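Undergrad: Position in the sequence shown (from 1) plus 21 gives the number in our numbering.
Below you will find the structure I want to go over with you.
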Amino acid sequence: MEHLFTEEQFKQVFMGKDFAFLLRKCGNDYRYIRLNDAAKSLYSYDVIGQTISAVMSNRNAEIIIDNYNKATLTNEQIDYGDYAYYNAEVRKYETSVRPITMNHEQYILAITKEILYDRNIEDKFLFMRSMFDHASFSTVILSNTGEILEVNANFMNEFGLCNEQIKQQPFIHLPIIPKAEISAITDYIKRASMGENIAREILTFHTVEKYERYYLATFSPVMQGDDSFAVFIILQDITEFTEQKVELRLKTHGFEVFKAALNSAAGIAILDVDGRIIDINEMLLNIMGYSKENLVGTPFDFIETRNHPEDYLTNMKKTLHAGEIWRGELCYRTKYHAFYWMDVTIIPLKNEAGITEQILSINYDITDKKRMLTELKNIERTFRLITENTNDLIVITNEDGIIMYTSPSYTHYLGYESSELQGQFYSSIVADESKNAWQNYLNNFECQSDTQFELLLETKTGLPIWTEGNVTVVNDPDRETVSQIMMVSREITHRKERENNLLYLAYHDSLTQLPNRRYLLKEFPTVLANANIDHTSFAMIYIDGDNFKEVNDQFGHETGDAFIRKFGSVIMTSIRSHDLVIRIGGDEFIVVLTGLTRDYEARQAQMMQIISRIRKELQAGWTIEQHHFSPTASMGIAYYPDHGKTLDELLDLADQALYKAKELGKNNLYIIGS
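Okay, here's the thing in structure tokens:
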């Protein structure tokens with residue numbers, strides 16, 4: 022195959038931004054034969070002659086080889102998509118894998134295109150990227166298999182590591198992670214890669230100098246739909262806070278120690294009973310934008326709040342006047358009138374007589390959380406806008422295939438209202454041709470992740486509609502046995518019609534519409550298998566018209582073509598329904614008589630009965646352009662398994678027998694070996 026394209030030809034055929042690869046199958050791996058310029062730019066060295074396993078990471082190699090194997094096994098094009106983190110960007114790629122067989126070798130032509138993807142995930146990733154670049158905490162980005170993609174400067178400074186030395190290494194292999202924490206961290210990464218947010222887990226790490234430090238860790242997935250392609254880790258150093266907690270258990274420094282501990286984690290304000298600020302910590306001052314001198318002695322109401330419902334603030338004051346703790350969320354404005362949200366706990370501090378003397382306000386900044394919730398709501402709203410307005414057919418079913426939701430495109434393409442489909446089995450709109458494929462998927466969906474297949478649907482009026490769908494299973498985290506199936510499909514009826522037409526042309530002769538040699542190559546294994554299973558024989562009959570050249574020379578090519586079409590039609594109508602007629606070229610045809618007995622004399626009688634029918638129909642003849650033709654034909658015959666056991670052997674022997682028949686004169690037949 023590598024000789025089919027020179028390196029220069031391959032570059033010219035596959036020029037442009039798309040990545041093109043030509044590989045040869047080697048065992049359970051594939052070796053690079055040709056790459057276009059775009060594909061070569063992906064590698065820092067020449068990979069020609071290398072295998073995928075030698076060039077790619079284990080995960081990428083496994084995905085690519087699995088899809089290549091599917092293509093070679095099915096002998097059909099396979100399309101699949103993937104995401105990659107490349108040069109600080111998330112990129113989406115779609116690859117078309119085309120299997121090619123030549124000289125008994127299997128090849129793969131793979132063309133990868135970078136495609137645009139949902140802006141929501143891009144916005145979300147840019148938001149996460151901004152957090153990464155500007156976070157005051159140590160942050161890490163991992164692949165969804167746990168390899169380090171990037172770390173920020175705080176992480177490197179805190180642990181004394183070198184960025185270039187740790188990239189692409191498994192996170193759990195870092196020297197800062199104690200053995201006792203490996204199992205827990207591995208579990209958190211795995212859960213986050215499956216879409217779960219892991220928040221506020223306390224972990225122990227070691228610095229390069231082996232000092233033990235404590236961190237509050239968050240593991241967040243970066244998602245595309247229901248799939249994560251990266252894990253975002255935030256590490257907040259709480260060593261000081263943890264040590265203070267230990268100290269609190271050992272000593273009783275009272276309120277001052279408690280306040281010092283809280284200062285490292287929350288904004289603290291102490292008020293008198295009239296609501297005037299007595300003290301306020303640096304964290305809260307930094308958030309508000311004021312200095313301590315501006316606020317001490319002023320009413321806390323001086324800090325401008327966003328408009329909350331009147332009864333909300335009234336209930337807060339009633340709770341405090343009753344000497345009870347109030348908890349809630351409040352939105353304030355900074356000195357510069359920017360909004361920020363706080364999770365607030367207000368505690369009345371009482372003396373021994375139970376009288377409130379001071380008020381403690383503990384404030385956690387939840388501005389980012391609120392922004393993220395708003396972002397998620399926007400994503401949900403955008404998703405609904407997409408589903409309600411896209412031309413794609415979107416359906417969600419339960420694990421039994423009962424429809425829970427359909428997009429309006431089902432009304433457009435199939436004529437059903439959403440209310441007519443909800444609660445019905447999806448199989449009720451699947452045509453008989455595709456019911457087995459859909460049911461097989463339902464029976465085995467727990468063993469599959471993302472799946473793509475084609476289904477033939479029926480409209481409300483019974484018209485067929487071909488669709489190509491991507492199916493994703495969404496598992497309920499709280500109920501292991503409950504799942505939802507989401508399928509996003511597009512209508513491909515016209516494409517299927519074109520494919521069927523091309524497939525027909527590939528396996529049929531353009532002049533006679535009879536099967537061609539390629540069709541015989543495809544069907545012969547089935548004919549052979551049936552003969553062995555049923556212990557039967559079949560005859561390979563090579564037929565050649567006796568005077569076709571004279572017809573062409575005397576009456577012209579148009580009449581010659583009409584003559585060949587009629588010649589093939591007569592043979593076709595003279596044989597049985599399970600026999601084959603193949604046009605080889607010119608006036609040469611192959612007839613495969615199947616299901617014959619292996620008893621020689623009985624088989625002769627079966628075959629001669631059909632040959633007699635062919636000769637009789639040829640002798641009756643036909644008229645073309647007022648010219649009557651009654652042609653004769655010479656025939657060469659070989660039997661399976663008596664004379665040969667492979668297609669090439671039987672064709673060669675039948676051809677030799679035809680030559681012998683022609684030596685005997687026109688309208689004769691000869692059986693090889695007779």
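Each residue gets a CB set at the ideal place from its N, CA and C atoms; glycine is no exception.
Here the structure is a predicted model, which means the values were calculated and not measured.
Quick check: the segment 476-490 against the segment 434-446, are at least 3 beta-carbon pairs closer than 8 Å?
TA: Yes, the segment 434-446 is in contact with the segment 476-490.
Undergrad: My guess is that T72 and Y51 are in contact by the Cβ rule of under 8 Å, so how many angstroms apart are they, rounded?
TA: With a Cβ gap of about 7 Å, T72 and Y51 count as contacting.
Undergrad: Does the distance from the C-beta atom of S163 to that of I132 stay below 8 Å?
TA: Position check: residue 163 holds Leu in this sequence, whereas Ser was assumed. Their beta carbons are not under 8 Å apart, which means L163 does not touch I132 by this criterion.
Undergrad: Quick check on the DSSP output: the beta strand (DSSP E) that includes E489 runs from which residue to which?
TA: P485 to N496 is the span of the beta strand (DSSP E), which, as asked, contains E489.
Undergrad: Excluding five sequence neighbours on each side, which residues of the same chain lie with their C-beta closer than 8 Å to the C-beta of E29?
TA: Closer than 8 Å at Cβ, skipping near neighbours: no residue.
Undergrad: Determine the contact status of L305 and G288, defining contact as a CB-CB distance below 8 Å.
TA: Yes. Within cutoff.
Undergrad: Return the chain-ordered list of same chain residues with a C-beta closer than 6 Å to the C-beta of V68, the five sequence neighbours on each side being excluded.
TA: If we look at V68 and ignore the five residues flanking it on each side, its Cβ neighbours are Y53 and V76.
Undergrad: Classify M508 as buried or exposed, calling it buried when 16 or more other Cβ atoms lie within 10 Å of its own Cβ.
TA: Buried is the call here.
Undergrad: Have a look at the DSSP bridge pairing and note the partners of W643.
TA: For W643, which the question treats as bridged, DSSP gives the partners F650.
Undergrad: Do the CB positions of L679 and G657 come within less than 8 Å of each other?
TA: Contact: yes.
Undergrad: Going by C-alpha to C-alpha distance, which of N96, I136, E135 and E126 sits closest to R119?
TA: Comparing Cα positions, the closest option is N96.
Undergrad: Tell me which residues share the same chain as Q190 and place their Cβ nearer than 7 Å to its Cβ, disregarding the 5 neighbours each side in the sequence.
TA: Result list for Q190: E168 and I169, in chain order.
Undergrad: What's the C-alpha gap between M608 and L535?
TA: Reading the sequence as shown, one finds Asp at residue 608 and not Met. Roughly 13 Å between the two C-alpha positions.
Undergrad: Write down the C-beta distance between T557 and G490 rounded to the nearest angstrom, noting that I regard them as a contact closer than 8 Å.
TA: So it is not a contact: roughly 42 Å between Cβ atoms.
Undergrad: Measuring CA to CA, which of G577, F559 and L524 is closest to V613?
TA: Among G577, F559 and L524, the Cα nearest to that of V613 is on F559.
Undergrad: Helix or strand or just coil, what does DSSP make of N218?
TA: Coil.
Undergrad: Since R519 is in the alpha helix (DSSP H), which residue starts that stretch and which ends it?
TA: First-last of the alpha helix (DSSP H) with R519: T514 to Y528.
Undergrad: Quick one: what's got a C-beta closer than 6 Å to K134's C-beta in the same chain, skipping five residues either side?
TA: D39 and E115.
Undergrad: Can you tell me where the alpha helix (DSSP H) with N336 in it begins and where it stops?
TA: Residues E331 to H342.
Undergrad: Grab me the residues of A675's own chain with a C-beta within less than 8 Å of its C-beta, minus the 5 sequence neighbours each way, in chain order.
TA: Hits under 8 Å: M561, I562, Y563, I611, G657, I658, A659 and I693.
Undergrad: Which one or two residues does DSSP pair with Y426 in a beta bridge?
TA: Y426 is bridged to I417.
Undergrad: Which partner residues of M244 appear in the DSSP bridge assignment?
TA: DSSP lists S249 as partners of M244.
Undergrad: Tell me which residues share the same chain as A238 and place their Cβ nearer than 6 Å to its Cβ, disregarding the 5 neighbours each side in the sequence.
TA: These residues qualify, in order along the chain: E222, L224 and L256.
Undergrad: Counting only the same chain and skipping the five closest in sequence on each side, list residues whose C-beta sits under 8 Å from that of S590.
TA: Same-chain partners within the cutoff: T533.
Undergrad: Please determine if the segment 618-626 and the segment 509-521 are in contact, where contact requires at least 3 C-beta pairs separated by less than 8 Å.
TA: No: the two stretches stay apart, fewer than three of their Cβ pairs being nearer than 8 Å.
Undergrad: Please return the same chain residues whose Cβ sits closer than 7 Å to the Cβ of G566, not counting the five positions on each side in sequence.
TA: Excluding positions up to five away in sequence, the list reads F588, D608, P652 and A654.
Undergrad: Going by Cα to Cα distance, which pick from T388, T366, V548 and F192 is closest to S382?
TA: Minimum Cα distance to S382 is reached at T366.
Undergrad: Figure out for me which residue from A41, I193 and T667 has the closest Cα to the Cα of L541.
TA: Of A41, I193 and T667, the residue nearest in Cα terms is T667.
Undergrad: Is the distance from the Cβ of W362 to the Cβ of K391 below 8 Å?
TA: It is a contact, given that the beta carbons lie within the stated cut-off.
Undergrad: Per DSSP, Q505 forms a beta bridge with which residues?
TA: In the DSSP output, where bridge partners are listed per residue, Q505 has N419 and V495.
Undergrad: Rounded to the nearest angstrom, how far is the Cβ of F31 from that of L44, given a contact under 8 Å?
TA: Rounded, the Cβ-Cβ distance is 12 Å, inconsistent with contact.
Undergrad: Give me the Cα-Cα distance between V451 and A527, rounded to the nearest whole angstrom.
TA: Taking the straight line from one Cα to the other gives about 29 Å.
Undergrad: Report all residues from its chain with a CB closer than 6 Å to the CB of H274; omit the five preceding and five following residues, and keep chain order.
TA: Because H274 sits at a pLDDT of 49, beneath the cut-off of 50, its placement in the model cannot be relied upon, and the following sentence gives the value as read from the coordinates. Cβ neighbours of H274 beyond the five flanking positions: none.
Undergrad: Give the DSSP-derived three-state secondary structure of K46 in the structure shown.
TA: DSSP places K46 in strand when its eight states are reduced to three.
Undergrad: Buried or exposed: where does Q265 fall if 16 or more other Cβ atoms within 10 Å of its Cβ makes it buried?
TA: Looking at its Cβ environment, which holds 16 or more other Cβ atoms inside 10 Å, Q265 is buried.
Undergrad: What ranges does the beta strand (DSSP E) occupy inside the segment 560-640, keeping only unbroken runs of at least 3 residues that lie completely in it?
TA: List check, beta strand (DSSP E) in window: 601-606 and 609-617.
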